[in-house]
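Numbering follows UniProt numbering, in which position 94 of the sequence shown is assigned residue number 94; successive positions increment by one, without gaps.
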Amino acid sequence: MLAIDSGIMGPKDRNMHQKLVEQNVNGIRMRALIAGSGPPLLLVHGFPLSHKMWLPQIEYFQSRYTVIAPDLRGFGESDISSGIVTMEQHARDLNSLLKELNIEDPVVFCGLSMGGYIAWEFWKHFADQLHALILCDTRADADSEEGVNNRLKMADLVLRHGPEAISTAMIPNLISESSQQKQPHLSENLIAMIEAADSEGIAASQKGMAARSDYSNQIENIRIPTLFIVGSDDRLTPPEIMLRMSSQVPGSKYFEVGKVGHMAPMEAPEAVNREIDHFLTSSNF
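Encoded structure:
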């Protein structure tokens, strides 16, 4: 394991218990930010971002938990894969990463959007490694034919013109109008993350999402604590979709954040952190 000092969290006293690590995972070099100590909380970013989307959660939870925030295959500082990267491949990468980090206790898996698609695969293949699930702004069903075509068109566009061709256009679907107006730095941070991504990595996961499995008729079999979080103004996964999923999962919790969009953990970190904190405590984690 290669450990690299992290200076990305602001004041030194806030990041003194953080480190960036690199692990060889399933044929690639994978980077993750590890913070704090205690029960393991795995934060899985959305598309086409990096672990940096979770900075407010990392800072909040690192005093009581071991927070693991990886850059998925093809994103951030992790190695790139061309062709197609399936959601199952991402899940297997995460399971291997946890083994390399000697994380033996079951994790709370918190995934946003694409991170949620990966969560279903992790639950299917590595259920014994899960203590609980937190699903943010995501869905369980597969893409429609139109959705598949749109993903493949975006993959082709990025391969031809780079991530700059999609970065600005994605913002209205990622954060609400209110967030764009009141928190302009969010747009800047998201655009920076998108444009830092590699074209092949973006295309590979877009193709993987287009081919993902439909879990909408399987999630009723989940038997671990589960929390669904959604922004009231989410255009990509509207609240009614998340509420329907919550009704399918026995005993699950549902939390809707007002006036925010698809990036609820970034747009309303205090509200989201409080809800996750309460959920973790009530789940005996």
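For every residue, glycine included, the Cβ atom is placed at its ideal position computed from N, Cα and C.
Only exposed fits Ala192, as fewer than 16 other CB atoms lie within 10 angstroms of its CB. For Lys259, there is no enclosing alpha helix (DSSP H), as DSSP gives it neither H nor E. Closest option to Ala119, judged by alpha-carbon separation, among Ile103, Thr138, His278: Thr138.
In the DSSP assignment, Val158 falls within the alpha helix (DSSP H) that extends over 145-161.
Here Lys153 is exposed, its C-beta having fewer than 16 other C-beta atoms within 10 Å. Here Thr226 carries a strand assignment [DSSP, helix/strand/coil].
With respect to the 8 Å criterion, Pro163 and Pro48 are classified as neighbours on the basis of their beta carbons. The beta-carbon separation of Gly261 and Ser176, rounded to 4 Å, stays under the 8 Å limit for a contact.
Residue environment for Arg92: buried (at least 16 other C-beta atoms within 10 angstroms of its C-beta). The beta carbon of Ala271 lies closer than 7 Å to those of Val257 in the same chain, with the five residues before and after it left out.
In the same chain as Leu33, and ignoring 5 residues on each side of it, the C-beta atoms closer than 7 Å to its own belong to Ser6, Gln18, Leu20, His51, Ile58, Ala69, in chain order. Per DSSP, Lys52 lies in no alpha helix (DSSP H) segment and is marked neither H nor E. Assignment of Phe285 by DSSP, reduced to helix, strand and coil, places it in the coil class.
Judged by DSSP in its simplified three-state form, Gln248 adopts helix.
If you draw a 10 Å sphere on the C-beta of His90, you find 16 or more other C-beta atoms in it, and that means buried. Sorting Arg29, Cys136, Gln23 by C-alpha distance to the C-alpha of Leu43 places Cys136 at the top.
Using a Cβ-Cβ distance cut-off of 8 Å, the stretch 25-32 and the stretch 63-79 are in contact, since at least three pairs of beta carbons, one from each stretch, lie closer than that value. Separation of Pro250 and Ile219 (C-alpha to C-alpha, rounded to the nearest whole angstrom) is 9 Å. DSSP places Gln23 in the strand class (E or B) of the three-state scheme. Contact check for Leu112 against Gly46 passes: the beta carbons are separated by less than 8 Å.
If you draw a straight line from the Cα of Ala140 to the Cα of Gly36, it comes to about 31 Å.
Residue state for Val107 is assigned as strand, using DSSP reduced to three classes.
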